[in-house]
Amino acid sequence: MSIAQVISVINQMEADAVVARYAIGGAVGATFYLEPVATLDLDIFVAFPRRPGHAVVSPRPIFDYLTTRGGVVEGEYVVLAGWPVQFLPATSPLVEEALTEAVTVDVEGTPARVLTSEHLAAIALQTGRAKDHARLLQFIEAAALDAERFQALVRRHGLLDRWQTFDRRFLQGSS
Amino acid sequence: MTFDLQRILESKRALRRSLAQRPVAEKLALLDVLRERTRAIRAAARRAETMARESSSKDRAQLRNF
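For the record, the sequence lines run as chains G and F. Each residue of the first sequence is one higher than the one before, starting from 400 at the first, in this note's numbering. Each residue of the second sequence is one higher than the one before, starting from 21 at the first, in this note's numbering.
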């Protein structure tokens, strides 16, 4: 029962063209850059192959594929090797870009595609829950962001107001 | 061992840095362990909540019959 097994299954799913591209996000994605933080699920961002006549994106092909390989559907999740996995379609320009620019990391011989730290941080800023703010602070404290790249992302995706609010609330007067 | 808060905080930061610098495979394996622990803690908290609810309703019933 390990997350490495889940990554192998998802690599195979991409190789079998069920999804066009995947990348790990959320707390597990952040763990590639930061210290591990307890999480109960795994967020996988996906782009689907373009199919003429199919305007609506459905997770059905993913669910069908994985249930024939031992996955169990539980609500919005597919449980794989004991991990609830949530598949999130790229529905915003920020996530589309994040998926395109995701990087491949070697995990003891298994390739794992993961969002860049700057995209993970920008998505956390955009999502804006308390735990997302905490993650963004972790990235900043760990100096795990390329400041120029992150600032460009914030500007490009209209997150400047959110950043200024975050900065006032959590960063000003903290150094 | 010390009770100097500044040193405690610095040692926490150092631990986080050293965890962050471990190989990815090792960190992912730690996630598996952390997840199991979180599940166990949540299950224990739920059991404690249920027991507290049951005991409080038993107390109420006893008081009604008093």
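Don't be surprised by glycine CBs; every beta carbon is placed ideally from N, CA and C.
Check	Outcome
Nearest chain G C-beta to residue 78 of chain F closer than 8 Å, yes or no?	no
Give, in chain order, every residue of the segment 533-549 of chain G whose Cβ lies closer than 9 Å to some Cβ of chain F.	537, 540, 541, 543
From what residue to what residue does the beta strand (DSSP E) around residue 510 of chain G run?	509-513
What does a CB cutoff of less than 6 Å around residue 425 of chain G pick up in its chain, not counting 5 residues either side in sequence?	442
Identify the continuous beta strand (DSSP E) that holds residue 503 of chain G and give its terminal residues.	502-506
Figure out for me which residue from G:450, G:509, G:445, G:531 has the closest Cα to the Cα of residue 490 of chain G.	G:445
Of all the alpha helix (DSSP H) runs that stay within the bounds of the segment 464-503 of chain G, which reach a length of 4 or more residues?	492-499
Can you name the start and end residues of the beta strand (DSSP E) that residue 442 of chain G belongs to?	441-446
Use the C-beta contact count for residue 517 of chain G: other C-beta atoms within 10 angstroms, 16 or more gives buried, fewer gives exposed.	buried
Mapping DSSP to helix, strand and coil, what is residue 422 of chain G?	strand
Given that a residue counts as buried once 16 or more other Cβ atoms are within 10 Å of its Cβ, and exposed if not, what is residue 9 of chain F?	Limits of chain F in this structure are 21 at one end and 86 at the other, which puts residue 9 of chain F out of reach.
Show which residues of chain G have a CB atom less than 8 Å away from the CB atom of residue 47 of chain F.	430, 431, 434, 435
Looking only at its own chain, which residues have a Cβ that is under 7 Å from the Cβ of residue 545 of chain G, when we skip the five neighbours before and after it?	517
Select from the segment 53-85 of chain F all residues with a C-beta closer than 8 Å to any C-beta belonging to chain G, and list them in chain order.	54, 55, 57, 58, 59
Applying the 10 Å Cβ sphere with the 16-neighbour rule, what's the burial state of residue 32 of chain F?	exposed
Residues in its own chain within less than 6 Å of residue 465 of chain G by CB, not counting five upstream and five downstream?	477
Please identify, using Cβ separations under 9 Å, the residues of the segment 400-412 of chain G that lie next to chain F, in order along the chain.	400, 401, 402, 403, 406
I think residue 456 of chain G touches residue 438 of chain G, with their Cβ atoms under 8 Å apart; what is that distance to the nearest whole Å?	No, residue 456 of chain G and residue 438 of chain G are not in contact; Cβ-Cβ is about 25 Å, not under 8 Å.
Would you mind telling me which residues of chain G sit closer than 7 Å to residue 36 of chain F, beta carbon to beta carbon, in chain order?	434
With C-beta atoms as the reference, is residue 488 of chain G less than 8 Å away from residue 410 of chain G?	no
Excluding five sequence neighbours on each side, which residues of the same chain lie with their C-beta closer than 8 Å to the C-beta of residue 449 of chain G?	419
Does the Cβ of residue 470 of chain G have 16 or more other Cβ atoms within 10 Å, making it buried, or fewer, making it exposed?	buried
So which residues on chain G does residue 50 of chain F lean against when the C-beta distance must stay under 7 Å?	435
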